[in-house]
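Protein chains in written order, with the working numbering: chain A, 1 to 637; chain B, 1001 to 1218; chain C, 2001 to 2256.
Yeah, the Cβ is synthetic: ideal placement off N, Cα and C, and Gly gets one too.
Notes follow once the structure below has been shown.
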Ligand SMILES: Cc1cc2nc3c(=O)[nH]c(=O)nc-3n(C[C@H](O)[C@H](O)[C@H](O)COP(=O)(O)OP(=O)(O)OC[C@H]3O[C@@H](n4cnc5c(N)ncnc54)[C@H](O)[C@@H]3O)c2cc1C
Ligand code: HEM
Ligand code: HEM
Ligand code: SF4
Ligand code: F3S
Ligand code: FES
């Protein structure tokens, strides 16, 4: 597997412009002749499809939801970063770049991240022009807030629903292109395979989720914008349908999978209430600005929180990190919550939770101030838990939230399969070992609006592409493989439901490949995953038929891929013998229990190559050159 | 012209037709009620007023044709909209409890047609006289008394006017929406205005048969 | 607690369909309504019966995927929330619950509680956007917008496209949905150039989709999970009327 990142030469700030100046263009008359498949209608896919449609390409878009407007980008609450420096607080493209690199614990690619920071300002311009109602100051100009511990205020937001507003912007642009006839939109269609012809991505196989029909689609290039894989943990903040299937099938066709073990576990989510729990809800990180995190000092303390006296509470973040206190970064906050629960001091019915207490803040600021700051979050909490956080401390626990790992791409966002591009959360490129708040929305839109229209053009203008249609063997073979697999899943007719197996896998992954990992645990996890996968393929029960709307079948296909992915995540976590970002290896920590990076051996990206059903995957490395940034160790003490 | 045809053939346009004609009809009912209330001033005043109206025949017929036209347009638009709405939900819910739908809104397609039938009867009763057992042309006061002293007929008037009040209670509020008048400055008074005028018309008209029945007017 | 559910079951679009009754024991009050159905489905699968199909995705009230009618109310009786945000603590032991799909001609049923809401997408395609070519936008802060106008626009922009307004309107009207988009874009300075055209095109598309008309029942507003105000319908009426007579006819491009 050749890993050439194709980073343009020259100074950091000039690389992207140099590429734009030098690449070949597709002539306007020829654009129409190129069919481009875009899988996914989130921020990445929606913006890419709309922009490519505008340019005149013949675009085919797919998503599994019933409408393009429902991609999970819709759920992002906090905001989107950009280096506008409206606050005059010293922000700049370089600073945004630097913060993102540092936040990623130096495991992302400088050139990509710099470009991301560079186009961030264009994103805000574009979105405002689309009618996205970002918050404003009384003077009528755009407002910002500080987010995720950044020292500057560079986050743009629209109430608590920035993702929704941004996605509706992309969706409206996409809708306009649908009406203009440049984009052919296929909803309730799930991509189940990638078709590679003569070494290039030339199409996909989909299943119509209403009729069950398996269909082939040919194209000159395929863009995967299919989001992240946090649902490998079963319980996560992702939507129920989020999956790795599209990316995984592409991986099996030859696309390298980079850093699969880099996942982000968000510290402030509402804890699980019972075994029936189906997903976890994120509470904005901003709550930690005023809430104090604590657990009882004693193990197994069953008293109600308000009955526990002050001196029997352990405000552990304030105790361990006196200078940052409750505002330590996400991974640190999450790991510490896990630690106190592992010590038996967790709270709530299943002892996996910690308190986030606003009593002091209410005393200090008054209930009205707290209500204006967090009113709608408190309401949401009460709606879900039935508890009133003005009276009783909130219960929170970390939940899987974002996956930094993904399909490997070069500077052009092209994977190791020529003609297969990967955008948004589905790729690995910009966030290294840990993603900073408000930077995923930025990345999705940067990729879709401002990067892919140019880099895709370069591919189409330089690759010599024969016409390929769906009559080719590659398509029919792939279709029959997909159909076989469906038949197989339906025919097992065992005793265990898809959900029960998925839940078991998720629990295992959270324990062994979640907030902290160890060689021994990972070894055991891999064994258990294999056994569980075996059980899945021999004892799963998928009711119904293939030729109908069959939600169990959809889930089964996705969970099958999660099993494969889970094993790879554990292998990757085992291979990365250092702690960095969200990846914490128990063996590699400082004396105080902090993450210990190994910059001697691991300033690189691990890229996994699929070798076939029964052959272990092979790891390759892309070494990361830090030409412009000096590596430092994080410290929050 | 094309624009108007296009506009009024849309459902939104049809609703505006209903609102415009509704306002005109409302204006008539309002004026008519004020005229009717002169019954409390005695036979002479009322009959004099009626005479005055009859005096200018061209004007009278002009008003009649406008009213007739309005009723026609109002009804046709109402029926078209109603048909469209029925078609929009071919399969009914088994249990359907849409919140905040009030009684008046739900019964517009009952109150409206009943009012229409009432108007026909009413004209036969007090204008043409064929439905009135004791009709004297020109003596409006007498005719009204003759009708309303029959509790059945008085009851009919009372019910019809109650329905009219309901119809206007919803209709007068609704037309602000239909015209797109939702400005904050008067948003609060839309409901108030609708209640005021519907109660006024209902109470004013109903008082007359009641007064006759109870003997307050004789 | 124990519950009795009467659920609409329909195997495919052309199936006649009918109600099926299910008894549930041990429903936890902390479950969400959808989790209660998940549990029922697990049970149905283990008994070799076909699970109930229902749409859902984010399960946090923002994607607009979930939605059906519970005891006659779209999204259930809890105000300002979607079904995925409704929890079983709002029901009591022994309750009978009737569950029906959204019913409207413009939302044909696909299976059980799953309906096809693509008519909404077609309305947006007709005009629910501001035309702005990628990359051609001016500096974001160039045009100031007062916070009042902005907040007003956000109130409408929050629509999640769930379709509950249609489902609970006795006329099966999509006015709240369309009014919300027309108002969101029509309030912002960026939306002005296409304001007339947008109103014309979107209303036209709405009429093509066989939605009903508005007779101001207001139950759309009452069930809307984002509590969008029917003043959006008034704004749509106004914009459409003005546009119809101002002659912003796209083919000619100038006033007649
Ligand atoms: C609760 C929550 C809050 C967040 N808050 C923030 C925030 O405040 N700021 C921030 O920057 N980031 C935030 N994030 C992260 C951010 O929202 C996501 O990373 C980003 O939106 C992902 O966008 P995307 O376009 O890559 O993928 P998605 O939006 O997930 O879209 C994936 C698309 O792919 C389609 N798809 C997937 N699989 C298939 C398949 N097999 N076949 C066909 N189609 C398929 C789906 O239908 C969908 O259209 C948050 C994430 C979550 C979960
Ligand atoms: C109790 C209440 C009412 C009384 C006492 C009353 C009385 C009368 C009388 C006396 C006339 C005949 C006038 C004449 O021939 O000179 C008349 C005519 C008429 N009334 Fe009423 N009316 C009442 C309510 C209504 C209502 C509620 C409506 C309509 C909704 C209505 C509509 C008419 C119409 C259309 C005419 C015919 C006018 C014409 O000559 O063209 N009336 N009414
Ligand atoms: C056959 C007779 C009638 C029928 C079938 C009828 C039906 C209706 C219906 C269905 C509405 C729509 C309600 C809504 O959209 O909210 C309406 C509105 C209205 N009606 Fe009538 N009606 C009739 C007679 C009348 C009369 C006699 C009057 C006046 C006295 C009247 C006044 C109004 C008004 C003011 C409205 C409000 C228009 C709007 O909604 O914008 N109607 N009518
Ligand atoms: S207006 Fe409200 S009810 Fe209608 S689609 Fe939008 S969010 Fe749903
Ligand atoms: S419920 Fe229906 S009638 Fe109008 S106000 Fe809402 S669309
Ligand atoms: S599932 Fe997304 S709104 Fe309910």
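At least one CB of chain B lies nearer than 9 Å to the CB of residue 2170(C). Look at residue 1194(B): its beta carbon is at least 8 Å from all of the heavy atoms in ligand 4. A Cβ-Cβ contact shorter than 9 Å links residue 74(A) with residue 2063(C). Between residue 556(A) and residue 498(A), the CB-CB gap stays under 9 Å. Near ligand 4, residues with a Cβ at less than 6 Å from any of the ligand's heavy atoms are 2159(C), 2160(C), 2161(C), 2162(C), 2163(C), 2164(C), 2165(C), 2176(C), 2177(C), 2180(C), 2224(C), 2225(C), 2226(C) and 2228(C); the list follows chain order. Contact with chain C is absent for residue 1021(B), since none of that chain's Cβ atoms lies less than 9 Å from the residue's Cβ. Think of a sphere of 7 Å around the beta carbon of residue 74(A): the chain C residues whose beta carbon falls inside it are 2058, 2062 and 2063, in chain order. Counting along the chain, residue 379(A) sits inside no beta strand (DSSP E); it lies in the alpha helix (DSSP H) bounded by residues 367-385.
Not one heavy atom of ligand 6 is found less than 8 Å from the C-beta of residue 26(A).
One finds 133, 158 and 159 in chain A with Cβ atoms closer than 7 Å to the Cβ of residue 2154(C), taken in chain order.
Using a C-beta cut-off of 8 Å, the region 137-153 of chain A makes no contact with the region 39-54 of chain A, since fewer than three inter-stretch Cβ pairs fall below that distance. At the C-beta level, residue 544(A) and residue 107(A) stay beyond 9 Å of one another. Annotated three-state conformation of residue 608(A) is strand, per DSSP.
Checking the 8 Å criterion, the Cβ of residue 2234(C) is out of range of every heavy atom belonging to ligand 1.
Residues of the same chain with a CB within less than 6 Å of the CB of residue 2206(C), apart from the 5 flanking positions on each side, are 2123, 2174 and 2178 in chain order.
Counting the other CB atoms within 10 Å of its CB gives residue 1054(B) a total below 16, which places it among the exposed residues. The region 60-76 of chain A makes no contact with the region 396-416 of chain A; the number of CB pairs closer than 8 Å stays below 3. Three or more beta-carbon pairs separated by less than 8 Å are not found between the region 1123-1134 of chain B and the region 1056-1076 of chain B, which leaves the two stretches without contact.
Those residues of the region 2016-2039 of chain C placed with their C-beta closer than 9 Å to a C-beta in chain A are 2028, 2029, 2030, 2031, 2032, 2034, 2035, 2036, 2038 and 2039, ordered along the chain. For residue 2119(C), no CB of chain B lies under 9 Å from its own CB, so it is not counted at the interface with that chain. Counting the other CB atoms within 10 Å of its CB gives residue 213(A) a total below 16, which places it among the exposed residues. Partner residues in the beta bridge of residue 2087(C), as assigned by DSSP, are 2032(C). Contact annotation, residue 81(A) with residue 439(A): C-beta distance approximately 5 Å; criterion of less than 8 Å satisfied.
Comparing alpha carbon positions, the residue from 2112(C), 2192(C), 2241(C) and 2189(C) closest to residue 1181(B) is 2241(C). In the three-state reduction of the DSSP assignment, residue 313(A) falls in the strand class, which pools E and B. Secondary structure note for residue 476(A): its alpha helix (DSSP H) is the uninterrupted segment 473-492. Residue state for residue 497(A) is assigned as strand, using DSSP reduced to three classes. Beta-bridge annotation (DSSP): residue 224(A) is paired with 39(A) and 422(A). Separation of the CB atoms of residue 183(A) and residue 53(A) is rounded to 4 Å, and the pair is thereby assigned contact status at 8 Å. For residue 292(A), there is no enclosing alpha helix (DSSP H); the enclosing beta strand (DSSP E) has its first and last residue at 292-296.
Distances from the CB of residue 2083(C) to the heavy atoms of ligand 6 include at least one below 8 Å. From the beta-carbon of residue 1180(B), the residues of chain C found nearer than 8 Å are 2234, 2235, 2236, 2237, 2238, 2239 and 2241. Under a criterion of Cβ atoms nearer than 7 Å, the residues of chain B adjacent to residue 2203(C) are, in order, 1010 and 1012.
Chain order gives the chain C residues near residue 122(A) as 2135 and 2137, where near means a beta carbon separation below 8 Å. The shortest CA-to-CA distance from residue 2072(C) to any of 1206(B), 1069(B) and 1095(B) is the one to 1095(B).
The beta carbon of residue 2023(C) lies closer than 6 Å to those of 2004 in the same chain, with the five residues before and after it left out.
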